[in-house]
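One structure below.
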Amino acid sequence: MALAAGALVRHLAGSSADVSVAGLGPAGGATIALGGLVAAFVKLVSAVGAARARAQLVGAASEHLREEVLEARLAGEVSQPGHDDHGPAPKLATERAARDLAALTTHVREVELALDAGVLRAARALFELVPVAVALVLVDPWLAAGALLVLAPFGAALSRLRRGLGARQARVLVETESLLAAADDAVTHADLFRVYGAEDRARATVRSAGARVAELGTWVAVRGALLSSGNEVLGALALLAVVAGQGALPAANRAHVVPFSIVFFLAYKPMRDLSDARLAWSKGEAALGAIARAVGGVLGARGTASGGAPPPSLAAAPLDGLVCRGLVLAHVGGAPIDLTLAPGEIVGIVAPTGHGKTSLLRVLLGLSLPERGEVTYGARALSAELGPRERPFAWVPQDAALVAGTVLDNVVLGGRVDEAAARSALDSVSGGRLGARADGDPSALSGGERQWVALARALVSGRPILLLDEPTSGLDAESQTRVLEAISSLRGTRTVVLVTHRREALSVCDRVYDLEARAFVERGPLAGDAPVRQTRAIS
0 MALAAGALVR
10 HLAGSSADVS
20 VAGLGPAGGA
30 TIALGGLVAA
40 FVKLVSAVGA
50 ARARAQLVGA
60 ASEHLREEVL
70 EARLAGEVSQ
80 PGHDDHGPAP
90 KLATERAARD
100 LAALTTHVRE
110 VELALDAGVL
120 RAARALFELV
130 PVAVALVLVD
140 PWLAAGALLV
150 LAPFGAALSR
160 LRRGLGARQA
170 RVLVETESLL
180 AAADDAVTHA
190 DLFRVYGAED
200 RARATVRSAG
210 ARVAELGTWV
220 AVRGALLSSG
230 NEVLGALALL
240 AVVAGQGALP
250 AANRAHVVPF
260 SIVFFLAYKP
270 MRDLSDARLA
280 WSKGEAALGA
290 IARAVGGVLG
300 ARGTASGGAP
310 PPSLAAAPLD
320 GLVCRGLVLA
330 HVGGAPIDLT
340 LAPGEIVGIV
350 APTGHGKTSL
360 LRVLLGLSLP
370 ERGEVTYGAR
380 ALSAELGPRE
390 RPFAWVPQDA
400 ALVAGTVLDN
410 VVLGGRVDEA
420 AARSALDSVS
430 GGRLGARADG
440 DPSALSGGER
450 QWVALARALV
460 SGRPILLLDE
470 PTSGLDAESQ
480 TRVLEAISSL
490 RGTRTVVLVT
500 HRREALSVCD
510 RVYDLEARAF
520 VERGPLAGDA
530 PVRQTRAIS
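Position 88 (the sequence shown) corresponds to 87 in numbering that gives the first Met the number 0; numbering is contiguous.
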């Protein structure tokens with residue numbers, strides 16, 4: 000195309016080009032050179048300015064997108080397959096979270112590329128096309144109208160093909176995530192597959208997912224190349240139609256064909272850039288859709304459910320009673336839970352695996368919603384509008400999660416705790432073992448030490464009710480005794496809900512609630528092997 004454009008220019012200029020060049024004197028040459036230097040300098044400054052503006056725009060948009068994703072993850076309900084009391088949930092949740100984080104990071108990067116290679120490139124292409132279109136109309140409006148008539152039907156066909164491409168790109172992302180998940184399972188659980196002789200199953204799953212990705216990827220690549228080059232073909236067709244039909248044009252219009260063709264050639268590159276930009280943006284749209292699916296909703300949907308101010312917090316409320324009425328847990332089933340806890344008592348929760356112990360804690364915390372029923376603290380209903388941070392509960396999860404930072408940072412996680420009190424609590428629950436390591440890295444802590452940190456965090460939070468999910472798991476006998484003494488010392492000043500399978504942990508409880516039977520049981524048999532007898536149902 001560049002050669003064709005050059006040939007047309009030479010045809011217009013004829014032999015006058017040689018005369019013009021030969022006739023240039025030193026002054027004329029210096030003027031041209033100076034003009035070239037000025038033009039190059041202007042281009043340099045504009046290129047640097049455009050690059051800076053582009054980087055700032057993409058960076059700002061990416062930062063906003065990351066904040067929206069983080070907000071959606073922090074504000075939204077955490078969904079898990081099945082329910083929270085099935086299987087080794089902490090490890091599975093960690094693996095799934097790592098995989099989701101990697102996918103989200105990739106999708107955010109794809110949106111960044113779409114902004115740069117899509118939106119900004121399209122804006123630049125349109126900026127270049129506008130003066131070309133104006134020039135074509137000025138050269139000959141009739142020729143411009145004829146070229147537009149030729150382009151219109153083919154442009155409509157390409158637009159339809161482009162929409163189909165966007166849908167396929169979204170499918171590519173979904174299948175790619177499936178492939179990554181299959182490969183991750185195969186690598187992470189390789190020993191499990193080997194022990195049960197299921198290597199062929201793992202290989203087949205990965206191969207099948209890979210084949211789907213390859214097939215869809217090939218389709219997208221071929222259609223993308225077709226669309227990218229299609230605009231050039233359309234331009235060539237329009238120009239060919241103009242040139243071929245020049246014999247039927249009036250003499251005045253025929254004289255404009257060559258200059259019209261030269262100007263038309265200038266539109267080829269921005270037309271291709273515009274097509275490529277639209278392809279890049281369609282991929283970015285698919286990535287945005289994947290992000291929205293990953294965070295469980297539409298990005299940007301912030302605020303409370305009622306659209307007004309959040310309800311007053313109960314995090315620092317005075318000690319009061321907790322009541323569950325007609326509470327039915329999702330994915331668990333069974334009779335409704337009717338449970339009343341007096342202020343300052345320690346209540347144990349027991350049940351076989353799968354009967355909703357952890358699910359009950361998550362509903363109380365506001366991390367999951369019940370199918371029906373209500374929870375009240377004193378005179379206040381803990382409705383869906385009251386988020387986890389506004390509720391009166393401190394939480395020690397079963398996996399004793401720790402975040403980046405120091406050991407002390409994990410104890411004062413909420414940021415509203417006196418540092419001296421935090422160090423004292425950490426030293427107390429650990430029997431002095433963690434006091435000297437408060438400013439160290441928590442990644443080296445053992446499972447039992449992590450439990451100490453999580454318990455110290457709950458103790459110094461100041462919240463009136465502690466929800467403890469297997470707080471003595473992973474502890475030796477001495478450490479367990481120390482933790483149970485710390486829990487027992489809270490009687491009368493804090494309400495404690497203690498989920499456990501350990502008989503020793505239940506020994507500090509004032510009452511024990513059997514979640515399977517939906518009733519309180521006597522404490523006597525907890526010290527021995529006598530059968531548990533129901534004392535009263537809670538209504």
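Each residue gets a CB set at the ideal place from its N, CA and C atoms; glycine is no exception.
All figures in this text were calculated on a predicted structure; none of them were measured in a lab.
### Query
So, are the CB atoms of VAL322 and THR375 less than 7 angstroms apart?
The residue labelled residue 322 in the question sits at position 323 within the sequence shown. The residue labelled residue 375 in the question sits at position 376 within the sequence shown. Annotated as proximal: VAL322 and THR375, with beta-carbon spacing under 7 angstroms.
### Task
For the region 430-492, list the beta strand (DSSP E) runs that are entirely contained and at least 3 residues long, ordered along the chain.
Counting only runs of 3 or more, we get 464-468.
### Query
Mind checking whether ALA276 and ARG120 have CB atoms under 7 angstroms apart?
The residue given as residue 276 occupies position 277 in the sequence shown. The residue given as residue 120 occupies position 121 in the sequence shown. Inclusion of ALA276 and ARG120 in the CB contact set at 7 angstroms is warranted, their separation being smaller than that value.
### Query
Taking Cβ positions, are PHE392 and ILE464 nearer each other than 7 angstroms?
Translated into positions along the sequence shown, residue 392 becomes position 393. Translated into positions along the sequence shown, residue 464 becomes position 465. Yes.
### Task
May I have the straight-line CA-CA distance separating VAL482 from ASP408, to the nearest angstrom?
Here residue 482 corresponds to residue number 483 of the sequence shown, with the count starting at 1. Here residue 408 corresponds to residue number 409 of the sequence shown, with the count starting at 1. For VAL482 and ASP408, the distance between alpha carbons rounds to 21 angstroms.
### Pair within 7 angstroms by beta-carbon distance, LEU336 and VAL495
What you label residue 336 is simply residue 337 of the sequence shown in a count that begins at 1. What you label residue 495 is simply residue 496 of the sequence shown in a count that begins at 1. The displayed chain sequence assigns Ile, not Leu, to residue 336. Not in contact: ILE336 and VAL495 (Cβ atoms no closer than 7 angstroms).
### Query
For LEU340, which of helix, strand or coil comes out of DSSP?
Residue mapping note: residue 340 aligns to position 341 of the sequence shown, counting from 1. DSSP places LEU340 in strand when its eight states are reduced to three.
### Task
Look at LEU425 and VAL410 and say whether their C-beta atoms are less than 7 angstroms apart.
The count along the sequence shown starts at 1 and reaches residue 425 at position 426. The count along the sequence shown starts at 1 and reaches residue 410 at position 411. Taking 7 angstroms as the Cβ cut-off, LEU425 and VAL410 qualify as a contacting pair.
### Cβ pair SER312, GLU389 closer than 7 angstroms
In the sequence shown, residue 312 corresponds to position 313, counting from 1. In the sequence shown, residue 389 corresponds to position 390, counting from 1. Judged by their CB atoms, SER312 and GLU389 are nearer to each other than the 7 angstroms cut-off.
### Query
Can you give the Cα-Cα distance for VAL20 and ARG108, rounded to whole angstroms?
Taking the first residue of the sequence shown as 1, we reach residue 20 at position 21. Taking the first residue of the sequence shown as 1, we reach residue 108 at position 109. Low confidence applies to VAL20: its pLDDT is 40, below 50, so where it sits in the model is not reliable, and the reading given next is rough at best. About 51 angstroms.
### Query
How many Å lie between VAL205 and VAL221 at the Cα?
Reading the sequence shown from its first residue, position 206 is the one you call residue 205. Reading the sequence shown from its first residue, position 222 is the one you call residue 221. Across the structure, VAL205 and VAL221 are spaced so that their CA atoms are roughly 24 angstroms apart.
### Query
Going by beta carbon distance, what residues of the same chain come within less than 6 angstroms of GLU339, once the five residues before and after it are set aside?
Residue mapping note: residue 339 aligns to position 340 of the sequence shown, counting from 1. The question names Glu, but residue 339 is Thr in the sequence shown. Taking C-beta separations shorter than 6 angstroms and ignoring five residues to either side along the sequence, the partners of THR339 in its chain run VAL322, following chain order.
### Message
Would the region 484-494 count as touching the region 437-444 if we require 3 or more Cβ pairs under 8 angstroms?
### Response
Of all C-beta pairs linking the region 484-494 to the region 437-444, fewer than three are shorter than 8 angstroms, placing the two stretches out of contact.
### Message
Suppose you measure from the CA of GLU370 to the CA of LEU359; what does that come to, to the nearest Å?
### Response
For the purposes of this step, residue 370 is taken as residue 371 along the sequence shown, with counting starting at 1. For the purposes of this step, residue 359 is taken as residue 360 along the sequence shown, with counting starting at 1. Cα to Cα, the separation comes out at about 12 angstroms.
### Message
What does the alpha-carbon distance come out to for the pair PRO268 and VAL256?
### Response
The sequence position of residue 268 within the sequence shown is 269, counting from 1. The sequence position of residue 256 within the sequence shown is 257, counting from 1. Per the sequence presented here, residue 268 reads as Lys, with Pro not at that position. Distance between the alpha carbons of LYS268 and VAL256: 20 angstroms.
### Task
Count the other CB atoms, across all protein chains shown, that sit within 10 Å of the CB of GLY283; report buried if there are 16 or more and exposed otherwise.
What you label residue 283 is simply residue 284 of the sequence shown in a count that begins at 1. Here GLY283 is buried. Its C-beta has 16 or more other C-beta atoms within 10 Å.
### Task
Out of TRP218, ARG462, ALA457 and GLN450, point me to the one whose CA is closest to THR471's CA.
The residue given as residue 471 occupies position 472 in the sequence shown. When only C-alpha atoms are compared, the closest one is GLN450.
### Task
Mind checking which residues open and close the beta strand (DSSP E) that includes LEU321?
As a first step, residue 321 is located in the sequence shown; it is residue number 322 there, counting from the start. Segment 321-327, the beta strand (DSSP E) holding LEU321.
### Task
Classify ARG271 as helix, strand or coil using the three-state DSSP reduction.
Indexing the sequence shown from 1 puts residue 271 at position 272. For ARG271, the secondary structure class from DSSP, reduced to helix, strand or coil, is helix.
### Query
Do you know offhand how far LEU128's Cα is from ALA314's?
Numbered from its first residue, the sequence shown carries residue 128 at position 129. Numbered from its first residue, the sequence shown carries residue 314 at position 315. Approximately 60 angstroms, taken between the alpha carbons.
### Task
Could you give the DSSP three-state label for GLU176: helix, strand or coil?
Mapped onto the sequence shown, residue 176 falls at position 177. If DSSP states are grouped into helix, strand and coil, GLU176 belongs with the helices.
### Task
Please say whether GLY117 and ALA266 have beta carbons closer to each other than 7 angstroms?
Your numbering for residue 266 matches position 267 in the sequence shown. Your numbering for residue 117 matches position 118 in the sequence shown. No, they are not a contact pair.
### Task
Pick helix, strand or coil for ARG502, following the three-state DSSP scheme.
Counting from 1 along the sequence shown, the entry for residue 502 is found at position 503. Three-state result, ARG502: helix.
### Task
With a cut-off of 8 angstroms on the beta carbons, I'd call VAL428 and LEU466 a contact; round off their distance for me.
Indexing the sequence shown from 1 puts residue 428 at position 429. Indexing the sequence shown from 1 puts residue 466 at position 467. For a cut-off of 8 angstroms, the C-beta gap from VAL428 to LEU466 is around 17 angstroms, too long to register as a contact.
### Euclidean distance between Cα positions of GLY491 and ASP509
Stepping through the sequence shown from its first residue, residue 491 is reached at position 492. Stepping through the sequence shown from its first residue, residue 509 is reached at position 510. Their Cα atoms are separated by approximately 11 angstroms.
### Query
How would you write the range of the beta strand (DSSP E) that THR375 sits in, first residue to last?
For the purposes of this step, residue 375 is identified with residue 376 of the sequence shown, where counting begins at 1. Taken as a continuous stretch (DSSP letters only), the beta strand (DSSP E) holding THR375 covers 371-376.
#### Entry: Continuous alpha helix (DSSP H) assignments of at least 4 residues falling wholly in the region 374-418
DSSP runs (the alpha helix (DSSP H)) wholly in the region 374-418: 406-410.
### Assigned secondary structure, THR352 (DSSP; H/G/I helix, E/B strand, else coil)
Walking along the sequence shown from the start, residue 352 turns up at place 353. In this structure, DSSP gives THR352 a state outside helix and strand, which the three-state scheme calls coil.
### Query
VAL133 lies in the beta strand (DSSP E); which residues open and close that run?
Residue 133 sits at position 134 when you count from the first residue of the sequence shown. Where VAL133 is concerned, there is no enclosing beta strand (DSSP E), although the alpha helix (DSSP H) it sits in stretches over 120-138.
### Message
Between which residues of its own chain and ALA399 is the CB-CB distance below 6 angstroms, once the five residues before and five after are set aside?
### Response
Numbered from 1 along the sequence shown, position 400 holds the residue referred to as residue 399. The beta carbon of ALA399 is closer than 6 angstroms to those of ARG449, GLN450 and ALA453 in its chain, skipping five residues each way along the sequence.
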